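Undergrad: Note that the UniProt record's numbering has the sequence shown beginning at 1, numbered continuously upward.
Ideal Cβ positions, reconstructed from N, Cα and C, are used throughout, including at glycine.
Remember, it's a predicted structure, so these values are computed and weren't measured experimentally.
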Amino acid sequence: MNREEKLKTMILKRFGTVKEFSRAVGLPYTTIRSILERGIFNAKLENVIKICKGLGISSEELIDQKDFVMEGSSAFYSDYTHSKSTSLFDDLNDLSEIDKVELPDLILGRYAGTEDIIFSRMSERSMDKLIPLNSLIGIKPVELADLNNEDIVVYSHQTERSIKHVYKIENKLILKPASHDPKFIDSVFEMTDTELNILGKIVLYIVEK
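1. Using DSSP bridges, identify the partner residues of residue 189.
2. If you draw a straight line from the C-alpha of residue 40 to the C-alpha of residue 176, how long is it?
3. My output table needs one value for residue 197: the three-state DSSP class, helix, strand or coil.
4. Does the stretch 120-128 come into contact with the stretch 161-169, if we say contact requires no fewer than three beta-carbon pairs (one atom in each stretch) closer than 8 Å?
5. Rounded C-beta distance between residue 147 and residue 153? I'm assuming under 8 Å.
6. Does residue 204 come out as helix, strand or coil in the three-state DSSP assignment?
7. What distance in whole Å lies between the Cβ atoms of residue 45 and residue 10, which are believed to be in contact at a cut-off of 8 Å?
8. Output the distance between the C-alpha atoms of residue 144 and residue 137, rounded to the nearest integer angstrom.
9. Does the Cβ-Cβ distance between residue 36 and residue 7 come in under 8 Å?
10. Measure the beta-carbon distance from residue 128 to residue 165 and round it to whole angstroms, keeping in mind my assumption that it falls under 8 Å.
11. Can you tell me where the beta strand (DSSP E) holding residue 138 begins and where it ends?
12. List in chain order: all unbroken beta strand (DSSP E) runs of 3+ residues lying wholly within the stretch 7-68.
13. Quick one: is residue 169 buried, meaning 16 or more other Cβ sit within 10 Å of its Cβ, or exposed?
14. In or out: residue 133 buried (at least 16 other Cβ within 10 Å) or exposed?
15. Measuring alpha carbon to alpha carbon, tell me which residue in 43, 25, 15 and 16 is nearest residue 4.
16. With C-beta atoms as the reference, is residue 48 less than 8 Å away from residue 140?
17. Could you have a look at residue 84 and say whether DSSP puts it in helix, strand or coil?
18. Let me know the secondary structure DSSP gives residue 119 once reduced to three states.
19. Reducing DSSP to helix, strand and coil, say where residue 161 ends up.
20. Candidates 206, 195 and 183: which alpha carbon is nearest residue 173's?
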């Protein structure tokens with residue numbers, strides 16, 4: 001029995017139906033059905049946590065259950081959160097002094113085991129409508145050609161350094177903030193601008209409340 005089948009069995013045993021469970025935990029029925037069909041690794045962390053709370057188990061217990069978690073279900077990633085440097089933007093290209101942090105595959109989802117992801121804290125308010133200051137962020141190096149519209153990127157250009165949504169429109173890159181602070185504005189660059197350095201895209205963020 002895989003982890004999704006195990007979860008469904010627990011849900012049916014305690015709540016009778018998936019729909020009743022969805023009402024109890026405050027998640028749409030379609031969301032829970034999708035998680036059970038597509039797999040926990042494809043689910044948002046906050047939804048997995050709600051499911052665990054509804055079943056009376058912790059996310060740690062879920063991760064530790066041999067029935068739920070595959071062998072080798074955690075990996076080490078570069079951890080920038082304790083770096084002595086004050087500038088994430090300066091040091092993304094020099095990880096020689098970066099510590100390692102172990103994280104379970106459940107948190108990384110489809111990026112589980114990806115060795116080049118580094119973790120840091122959100123250091124500015126340019127995306128605070130989505131990612132509040134000090135949230136944990138996972139950053140993956142990426143080529144410009146592999147970016148999609150609405151990806152969130154860490155970038156630098158001359159003296160400008162920021163974290164924003166990216167949009168490709170014709171031969172231009174438009175970098176848009178999602179901030180409550182009006183000082184953060186759109187930036188527009190030519191695709192061919194050699195001074196634009198995309199340091200990585202945010203593939204995961206965890207908000208502390």
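TA: A quick look at the data gives this:
1. Per DSSP, 173.
2. So the two alpha carbons sit approximately 31 Å from each other.
3. Residue state, collapsed to three classes: strand.
4. Touching, yes, given that three or more Cβ pairs across the two stretches are closer than 8 Å.
5. Between residue 147 and residue 153 a beta carbon distance of about 7 Å is seen, short of the 8 Å cut, so the two are scored as contacting.
6. In the structure shown, residue 204 sits in a strand (DSSP, three-state: E or B).
7. Contact between residue 10 and residue 45 is absent: CB atoms are separated by about 19 Å, not below the 8 Å threshold.
8. C-alpha separation (whole angstroms): 20 Å.
9. If you check the CB distance, residue 36 and residue 7 come in under 8 Å.
10. Incorrect: roughly 13 Å between the Cβ atoms, too far for contact.
11. Here the beta strand (DSSP E) through residue 138 covers 136-140.
12. Counting only runs of 3 or more, we get nothing.
13. So residue 169 counts as exposed.
14. In this structure residue 133 is exposed. Its beta-carbon is surrounded by fewer than 16 other beta-carbon atoms within 10 angstroms.
15. Selected option, being the one with the closest Cα: 43.
16. The Cβ atoms of residue 48 and residue 140 do not sit closer than 8 Å to each other.
17. Note that residue 84 has pLDDT 45, beneath the 50 cutoff, so the model's placement of it is unreliable and no number is given.
18. DSSP places residue 119 in strand when its eight states are reduced to three.
19. If DSSP states are grouped into helix, strand and coil, residue 161 belongs with the strands.
20. Per the Cα distances, 195.
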